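S.K.: The working numbering puts the first residue of the sequence shown at 3, with every later residue one more than the last.
Before we start, here is the structure in question, set down as structure tokens.
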Amino acid sequence: MSKHARSLGRVILVGAGPGDPELLTLRAARALSEADLVVHDGLVDDRVLDLVPRETPLISVAKRRSRHTLPQPGINELLIEKARAGLTVVRLKGGDPLIFGRGGEEAEALRAAGLAVEIVPGVSA
């Protein structure tokens, strides 16, 4: 990894599992505690969001009435923008980020932008 890439932030794609916060992996819980920003889907249980430190901003990109609050390209750009600003961004998704969502697409966009991406699997229901 280049010196420039290390000065950038990073994105951690985290699977929230089936909803019960006790089913989060240890790595997922640690990622939530380390985050500068959490961008989450509507399928993430409020009890999981309650684990995010109060000072950490939350941005919901949930679907509302079958409409996206932010289309996928906008989510990708948001993640890229915040990571380029030096933040550790957790992209929190219900279930597993690669099985139940568009985590693969997001990881591809982030890597194409030269950003570090970590994928933390979630427990499948």
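Heads up, the beta-carbon is just placed ideally off N, CA and C, and yes, glycines get one too.
All figures in this text were calculated on a predicted structure; none of them were measured in a lab.
1. State the CB to CB distance for the pair V50 and P23, rounded to an integer number of angstroms; the pair is presumed to be in contact (CB under 8 Å).
2. Between the C-alpha atoms of A114 and A37, what's the straight-line distance to the nearest angstrom?
3. Which whole runs of the beta strand (DSSP E) in the segment 19-57 are 3 residues long or more, in chain order?
4. Return the Cβ separation of V13 and V91 in integer angstroms, given the expectation that the two are a contact with Cβ distance under 8 Å.
5. From the DSSP output, which residues share a beta bridge with G116?
6. What's the C-alpha gap between G116 and A85?
M.R.: Answer, in terms of the structure:
1. 5 Å
2. Their Cα atoms are separated by approximately 22 Å.
3. 39-42
4. 5 Å
5. Per DSSP, none; premise fails for G116.
6. 10 Å
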